[in-house]
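Asks:
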Amino acid sequence: MPIVRGPVLIQINQRKNRDFQEFDDVDEIVNILKSQFTNRRLYIKYAVDKTEITVNEYNADGTVMVVTDPNYKNEGNSLIIYGLSDKYIEVDLEVIEERGPGYYHCRVRSARRALRGRRDLRFKVAPDDVVATNFRISRHTIDVSSFNIPTSIKVVLEQFQSQNSKMSDVLRVDVFKPDDRDRLLIQMKKTGKTLWVANTAEPDSYRAMNDDFIDMHDLYGDDLPAVMKRYIERGYKSILAVPIIYITESSSSVPFAYIQLISKSRGFGLDDVLTVKDHSFKLIDRIRDANTHLIPMHQHVVDISRGGAKLKITDKNLQKYIMRSKGFIFDLVFKLQAPITIYGEVKVSYTDEDENLMVGVDFEGNSSRKDEMKRYYSILKPMENDYKAKLLKSMKSRKKESPPAPEQ
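Residues 67 to 474, numbered by the numbering used here, are exactly what the sequence shown covers, in order.
Next up, the structure:
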């Protein structure tokens, strides 16, 4: 959603939507504002800086008077205000008239309340408390639907085939293709299972040892004798094929290529299966290195919670890659603590007036290592407690100073 503040156009890229309950009854919305936000803060959505706004007066006709920073310039005839009570809520206002700097007469139009409460307490942190650094971002995303594999990754596969050509009489390393018609390749791509035929002349060799392997009897059925005959006529003694499974930053598995060995002189044993699997893991490490940018710049953490953070990205190179990324791995470094490696899924991004990229990321379920999140929570807990104490003190102070709600 594009918004304007002064001469600067701000493009908000909302990548992850909330589930909302919609309200269009003006009296119900006004009652929510009166009952839940008399002593709680409201803010203007999409303002470049976090801008507080207050409902100063409730009118009998369902309109309200709102007051905000006199330097805030609203463009157009609408405002969205939001706040957090037991759940997150947004209210749409139509600006009827600007009565003065930061002083608006508005009509209440509609509202939305999150179906689930906010998962975690979010609070601001000082630059000296924590920084984000060591960003690891994929250069390319592997398109699972079309298997459009970047050239740089294909080069790694070709190098591996050339360097390991003596592993067997026939060695093939290739990517799965969207138009593959080979029943075996389709099954391997679909399931990520391994093919192992220890002896092509022995029917029992075509059965799966366990669920990690493809069962050729189930796959080919009555066509299996013809498949066996074709292998024997070609002089194949044994066949082994292992899928290359790429694990994305968001922890999804993508079988996108395979290593196939064919022997004309000996049978492959279980040791050969384990060896080729190990090669596939090492190959993935090489692919990941070839497909990953490491940018060790220190960037500012604006606010943080147990489940996510807002980052200010000032490095132009890093901005370029984050803008087209679904998520990335990075390190959080708290003062006097070892780095904590975390995966952040991008929820929202926009560019502020100074051309910094503001990025909201979600941590839940995507840490690179389980123990990292435990350590993260242990560091964050005392910071949360300190913030809660300050927030409670502030709310008590505001309650004492606030005049009673106007009678209708």
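All residues carry an ideal CB built from backbone N, CA and C; glycine is no exception.
Bear in mind the structure is a predicted one, so any value in this text is a computation, not a measurement.
From which residue to which residue does the alpha helix (DSSP H) around Asp240 run?
Replies: No alpha helix (DSSP H) contains Asp240, which is instead part of the beta strand (DSSP E) from Val236 to Val241.
Asks: Relative to the C-alpha of Asp146, which candidate in Ser176, Tyr124 and Pro167 has its C-alpha closest?
Replies: Reading off the sequence, residue 146 comes out as Ile, not Asp. The candidate whose alpha carbon is nearest that of Ile146 is Ser176.
Asks: Pick from Asp115, Glu88, Lys330 and Val121: whose alpha carbon is nearest that of Ser101?
Replies: Measuring from the Cα of Ser101, the nearest candidate turns out to be Val121.
Asks: Would you call Ser144 buried or exposed, if buried means 16 or more other Cβ atoms sit within 10 Å of its Cβ?
Replies: Exposed.
Asks: Roughly how many angstroms separate the alpha carbons of Pro362 and Thr199, rounded to a whole number?
Replies: If I take the Cα positions, the gap works out to 5 Å.
Asks: Assuming Asp240 contacts Ala323 under a Cβ cut-off of 8 Å, what Cβ separation, rounded to an integer in Å, is found between them?
Replies: Asp240 to Ala323, Cβ: 6 Å. Contact.
Asks: Taking 7 Å as the CB-CB cut-off, is Phe189 touching chain D?
Replies: This model lacks chain D altogether, as it is built from one protein chain only.
Asks: To the nearest whole angstrom, what separates the beta carbons of Met233 and Leu340, a pair I think is in contact under 8 Å?
Replies: 14 Å between Cβ atoms; not a contact.
Asks: Taking all protein chains shown into account, do 16 or more other C-beta atoms lie within 10 angstroms of the C-beta of Lys382, making it buried, or fewer, making it exposed?
Replies: Exposed: under 16 other Cβ atoms inside 10 Å.
Asks: For Asn276 and Trp262, what's the separation of their Cα atoms in angstroms?
Replies: If I take the Cα positions, the gap works out to 11 Å.
Asks: Measuring alpha carbon to alpha carbon, tell me which residue in Ile325, Val133, Lys447 and Val425 is nearest Val236.
Replies: Of the listed residues, the one whose Cα sits closest to Val236 is Ile325.
Asks: Can you list, in chain order, the stretches of the alpha helix (DSSP H) that have 4 or more residues and sit fully within the region 359-415?
Replies: Listed in chain order, they are 382-388.
Asks: Under 7 Å Cβ to Cβ from Lys116, same chain only, skipping five residues before and after it: list those, please.
Replies: Correct list, in chain order: Tyr109.
Asks: Can you give the beta carbon distance from Gly374 to Phe429, rounded, assuming they're within the 8 Å contact cut?
Replies: Rounded, the Cβ-Cβ distance is 5 Å, consistent with contact.
Asks: Within the same chain, show all residues whose beta-carbon is closer than 8 Å to that of Glu224, passing over the 5 residues directly before and after it, in chain order.
Replies: Closer than 8 Å at the Cβ level, and outside the excluded window around Glu224, lie Val239.
Asks: Reducing DSSP to helix, strand and coil, say where Ser151 ends up.
Replies: Note: Ser151 maps to coil in three-state DSSP.
Asks: Of the choices Ala274, Phe279 and Pro269, whose alpha-carbon is the least far from that of Asp288?
Replies: Comparing Cα positions, the closest option is Pro269.
Asks: Can you list, in chain order, the residues of its chain with a C-beta nearer than 6 Å to that of Ser391? Leave out the 5 residues immediately preceding and following it.
Replies: Result list for Ser391: Ile203, in chain order.
Asks: How big is the Cα-Cα spacing for Ala126 and Asn137?
Replies: Distance between the alpha carbons of Ala126 and Asn137: 29 Å.
Asks: Using a Cβ-Cβ cutoff of less than 7 Å, which residues in the same chain neighbour Lys259 once the five nearest sequence positions on both sides are dropped?
Replies: If we look at Lys259 and ignore the five residues flanking it on each side, its Cβ neighbours are Asp278, Phe279 and Ile280.
Asks: Would you list the residues sitting across from Val121 in a DSSP beta bridge?
Replies: Bridge partners of Val121: Val132.
Asks: With a floor of 4 residues, list each alpha helix (DSSP H) that falls wholly inside the region 265-348, ordered by position along the chain.
Replies: As far as the region 265-348 is concerned, its whole alpha helix (DSSP H) runs of at least 4 residues are 282-286 and 290-299.
Asks: Identify every residue that forms a DSSP beta bridge with Phe86.
Replies: DSSP lists Ala180 as partners of Phe86.
Asks: Measure the CB-CB distance between Val197 and His364 and report whether it falls below 7 Å.
Replies: In contact: Val197 and His364 (Cβ atoms closer than 7 Å).
Asks: Determine the DSSP secondary structure at Asn97, reduced to helix, strand or coil.
Replies: Helix, per DSSP.
Asks: Assign Gly410 to one of two classes, buried (16 or more other C-beta atoms within 10 Å of its C-beta) or exposed (fewer than that).
Replies: Buried, by the Cβ-count rule.
Asks: Rounding to the nearest angstrom, what Cα-Cα distance links Phe226 and Ser151 in this structure?
Replies: Cα to Cα, Phe226 sits roughly 57 Å from Ser151.
Asks: Using C-beta distances below 6 Å, list every residue in its chain close to Lys376, excluding the 5 sequence neighbours before and after it, in chain order.
Replies: Within the same chain, Lys376 has close Cβ partners Val368, Asp369 and Gly426.
Asks: Distance, Cα to Cα, Leu458 vs Leu99?
Replies: So the two alpha carbons sit approximately 20 Å from each other.
Asks: Could you tell me if Phe347 is buried or exposed, where buried requires 16 or more neighbouring beta carbons within 10 angstroms of its beta carbon?
Replies: With fewer than 16 Cβ atoms within 10 Å of its Cβ, Phe347 is classed as exposed.
Asks: According to DSSP, simplified to helix, strand and coil, what is Glu450?
Replies: Helix, per DSSP.
Asks: Tell me where the alpha helix (DSSP H) around Phe103 begins and ends.
Replies: Run containing Phe103: none; DSSP gives neither H nor E here.
Asks: Would you kindly check if the distance between the Cβ of Ile353 and the Cβ of Val222 is under 7 Å?
Replies: A contact, by the Cβ cut-off of 7 Å.
Asks: Assuming Asn506 and Gly333 make a contact with CB atoms under 8 Å, what is their CB distance in whole Å?
Replies: With the chain represented from 67 up to 474, any question about residue 506 goes unanswered, as that position is not in the structure.
Asks: Do you know how far the Cα of Tyr387 is from the Cα of Lys413?
Replies: Their backbone Cα atoms lie some 15 Å apart in a straight line.
Asks: Around the C-beta of Tyr124, are 16 or more other C-beta atoms found within 10 angstroms, so that it is buried, or is it exposed?
Replies: By the neighbour-count rule (16 or more Cβ atoms within 10 Å), Tyr124 is buried.
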